[in-house]
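*Asks:*
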Amino acid sequence: MQFLTLARFLCLLLVGISSLASAEERALDHLYSPAMEEKPQLLLDRILTHARNSEYDYALTLSQSLLDKVDPMRRAAPGVYGQLLVNHGIIQSADGEYKLSLPLIESGLALMEQRANPFSPSLVNALMARGLTMFAADDMEGAEDSFHRVQHIMHRHGGVYAEDQIPVIDWLTKTSLKRGEPVDADRLQRFSLRVAENAYGPDSIELLPLLDRLGGYFASRGSTIPPMVGTELRLQRDMLFKLAVNMYLRSVAIIEQNYGENDLRLVQPLRGLANARMLQITNRKYAEEALERSLAIVESNPESDLSDRAQALVDLGDLYVITSDTRAGETYLNAWHMLQESPETQEIANLYFSTPLRLFPRESPMLYIDRQPDNTEAGDPLFVELAYNVTISGKVSSIRLIDKNVPNDHARVLRHKLKTSRYRPRISEGEILETEDLSLRQPYQVFRRFASTTTGDAGDNTAPNSDAIDEVDSPDG
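Following the numbering used here, the residues of the sequence shown are numbered contiguously, the last one being 1384.
#1: Give the DSSP-derived three-state secondary structure of V987 in the structure shown.
#2: Quick one: is P1010 buried, meaning 16 or more other Cβ sit within 10 Å of its Cβ, or exposed?
#3: Distance, Cα to Cα, V1205 vs Q1187?
#4: Considering only residues of the same chain and omitting the five flanking positions on each side of G1065, which have a CB-CB separation below 7 Å?
#5: Give the C-beta separation of L1180 and V1152 to the nearest angstrom, bearing in mind that I take them to be a contact with Cβ-Cβ under 8 Å.
#6: With DSSP collapsed to three states, give me the class of A1294.
#7: According to DSSP, simplified to helix, strand and coil, what is Y1239?
#8: Going by the CB atoms, is the gap between Y1193 and V1221 shorter than 8 Å?
#9: Please name the residue in K1324, A1294 and A1256 whose C-alpha comes closest to that of L1274.
#10: Which of the three DSSP states, helix, strand or coil, is assigned to K1311?
#11: Straight-line CA distance for R1269 to A966?
#12: Rounded to a whole number of angstroms, what is the C-alpha to C-alpha distance between E1113 and S1099?
#13: Looking only at DSSP bridge pairs, what is E1338 linked to?
#14: Under the assumption that S1000 contacts E931 (Cβ atoms under 8 Å), give the Cβ distance between them as a whole number of angstroms.
#15: Using the C-alpha atoms, what's the distance from A1318 back to R1128?
#16: If we count the other Cβ atoms within 10 Å of its Cβ and call it buried at 16 or more, is A1043 buried or exposed?
#17: When the Cα of L1118 is compared with those of I1073, K1081, G1137 and R1086, which residue comes out closest?
#18: Quick check: the Cα distance between P1133 and Q1096, rounded to an integer number of angstroms?
#19: Where does H957 land, buried or exposed, given buried means 16+ other C-beta within 10 angstroms?
#20: Nearest to V1102 by CA position, among R959, Q1058 and P1332, is which residue?
#21: Return the chain-ordered ranges of every alpha helix (DSSP H) run that is complete within the segment 1177 to 1228 and spans a minimum of 4 residues.
#22: The beta strand (DSSP E) that contains L1150, what's its start and end?
#23: Determine, using beta-carbon pairs with one atom in the segment 990 to 999 and one in the segment 1007 to 1023, whether at least three such pairs fall under 8 Å.
#24: What three-state label does DSSP hand L973 in the structure shown?
#25: Is the beta carbon of V1291 sitting closer than 8 Å to the one on L1266?
#26: Alpha helix (DSSP H) containing F1260: first to last residue?
#27: Is T1283 buried or exposed, if buried means 16 or more other CB atoms sit within 10 Å of its CB?
#28: Can you check which of these residues, E1004, E1051 and G989, is closest to A1033 by C-alpha distance?
As structure tokens, this is what we get:
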């Protein structure tokens, strides 16, 4: 039960990982631009410009002025006035004012529906804006209903495999993840691939961006399931990583077929493939093969620049550190020396090597405890602060507890997790150096219980188990 809860909980973190932009920012993509007379049209153009430049106060002031000026259209042309009202709500949403935004969008949508067919494509922008605002306001049920209605409209006009529904499927995926329904999210992502294959063909170069994104999604999803779990979940984990690997291998095959086996476009899916193998833990030897091929392509390609070659070396060095391979130091130094060619490339070297960088496991922006500590009050920031050193091999040593206000067992777990972490070490003047007196201040939050909707796990609402998190993150697999 604890592992199921942990995997479901980590999927909430995946929502943020998979989002390219916040929901409220994305709402701006759905602003209307109806045709009007010259003066209101010029005012509308100014509103849209200010909104897209994130100048929300100016945009809202002008938008209210426009609504006041064209108020007679509320009855004479409710569809157009509704679009302007939806725009006002979208700008409020982009400004984070969800409680103000939703009534405006709802009212504008109702006006548009007075003259529009329930399946009219003209409703799509309003429905998407409503769904995105509800998503940002944590109303997952309302968001899902809005996104499903958009999808129904698209199916009515373009069929079940309508190409324009792919962004909608992505938001339905995020909604499912946030509701703790990762299996539904996985199904939706597989369906998005079928939609794209139907639109472009199974071997089309048009699939490449989607294959890359799906590879990252399935690898991240697989990493939310600890390797040491029961048979059913272990099979699910294996299936997710198999899907991730297949996405990247398809990308590689399409690029090879269309551009050749030494094309720089191969570097991105090869890096993605290596990352998936690293997250999978049990097949890390294949990660090295992918990164070595990436390095060979970059080094042999006349179109690659110095930063490309250094990046490929750093990627390989990072893998060596995580797997405790002694070749890491030499690989990093090769990259550092390569980047000493000019002041510009030296800046790149500083970005890579001026301070230790945590490679594995990823730092957690928040960890969770199951109750408020006795020595604190609700609202107090909860934390553990540690000091530590990073050795020249990227390992952590000399961990010291500086301060904490959470129970001792959580501090011990964090200390163990830090002890097993791997870092890219610091390089200065061509020498790999140990770095002393680094600090980690890890925030904690009391876990809010939620009801499960996962089949076979109903009612399990225990907090994530920190020991289970360590099993996910063990760099030695």
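All C-beta atoms, glycine included, are put in the ideal place defined by N, C-alpha and C.
*Replies:* So, to answer that:
#1: Within the sequence shown, residue 987 is the residue found at index 80, counting from 1. Helix at V987.
#2: Reading the sequence shown from its first residue, position 103 is the one you call residue 1010. The residue is exposed, with fewer than 16 neighbouring Cβ atoms inside 10 Å.
#3: Start at 1 with the first residue of the sequence shown, and residue 1205 comes out as number 298. Start at 1 with the first residue of the sequence shown, and residue 1187 comes out as number 280. Rounded to the nearest angstrom, the two C-alpha atoms are 25 Å apart.
#4: Here residue 1065 refers to the residue found at position 158 of the sequence shown. Within its own chain, the residues whose Cβ lies closer than 7 Å to the Cβ of G1065, once the five positions on either side in sequence are excluded, are D1071, listed in chain order.
#5: Residue mapping note: residue 1180 aligns to position 273 of the sequence shown, counting from 1. Residue mapping note: residue 1152 aligns to position 245 of the sequence shown, counting from 1. Indeed, because the Cβ distance is near 6 Å, the residues count as touching under 8 Å.
#6: Here residue 1294 refers to the residue found at position 387 of the sequence shown. Strand at A1294.
#7: Counting from one through the sequence shown, the residue named residue 1239 turns up at place 332. Y1239 falls in the helix class under three-state DSSP.
#8: For this step, residue 1221 is matched to residue 314 along the sequence shown. For this step, residue 1193 is matched to residue 286 along the sequence shown. Going by C-beta atoms, V1221 is not nearer than 8 Å to Y1193.
#9: For the purposes of this step, residue 1274 is identified with residue 367 of the sequence shown, where counting begins at 1. If we check each option's Cα against that of L1274, K1324 comes out closest.
#10: As a working mapping, residue 1311 is identified with position 404 in the sequence shown. Reduced to three states, the DSSP call for K1311 is strand.
#11: Position 362 of the sequence shown, counting from 1, holds the residue named residue 1269. Position 59 of the sequence shown, counting from 1, holds the residue named residue 966. Distance between the alpha carbons of R1269 and A966: 40 Å.
#12: Against the sequence shown, residue 1113 aligns to sequence position 206. Against the sequence shown, residue 1099 aligns to sequence position 192. Cα to Cα, the separation comes out at about 13 Å.
#13: Numbered from its first residue, the sequence shown carries residue 1338 at position 431. In the DSSP output, where bridge partners are listed per residue, E1338 has S1335.
#14: Looking up residue 1000 in the sequence shown gives position 93. Looking up residue 931 in the sequence shown gives position 24. Right, their Cβ atoms sit about 5 Å apart.
#15: To locate residue 1128, count along the sequence shown from 1; it is residue 221. To locate residue 1318, count along the sequence shown from 1; it is residue 411. Roughly 27 Å between the two C-alpha positions.
#16: In the sequence shown, counting from the first residue as 1, residue 1043 sits at position 136. Buried, by the Cβ-count rule.
#17: The residue you call residue 1118 lines up with position 211 of the sequence shown. The shortest C-alpha separation from L1118 is found at I1073.
#18: If you number the sequence shown from 1, residue 1133 lands on position 226. If you number the sequence shown from 1, residue 1096 lands on position 189. Distance between the alpha carbons of P1133 and Q1096 is about 21 Å.
#19: Looking up residue 957 in the sequence shown gives position 50. Buried, since its Cβ has 16 or more Cβ neighbours within 10 Å.
#20: Position 195 of the sequence shown, counted from the start, is the residue given in the question as residue 1102. Here the closest residue by C-alpha is Q1058.
#21: Every alpha helix (DSSP H) of 4 residues or more that sits fully in the segment 1177 to 1228 is shown, in chain order, as 1191 to 1207.
#22: Your numbering for residue 1150 matches position 243 in the sequence shown. Not the beta strand (DSSP E): L1150 falls in the alpha helix (DSSP H), residues T1138 to Y1166.
#23: yes
#24: Position 66 of the sequence shown, counted from the first residue, corresponds to residue 973. Helix.
#25: By 1-based counting over the sequence shown, the position of residue 1291 is 384. By 1-based counting over the sequence shown, the position of residue 1266 is 359. It is not a contact, given that the beta carbons lie outside the stated cut-off.
#26: The residue labelled residue 1260 in the question sits at position 353 within the sequence shown. Start and end: P1250 to F1260.
#27: Stepping through the sequence shown from its first residue, residue 1283 is reached at position 376. Exposed: under 16 other Cβ atoms inside 10 Å.
#28: Reading the sequence shown from its first residue, position 126 is the one you call residue 1033. Closest option to A1033, Cα to Cα, is G989.
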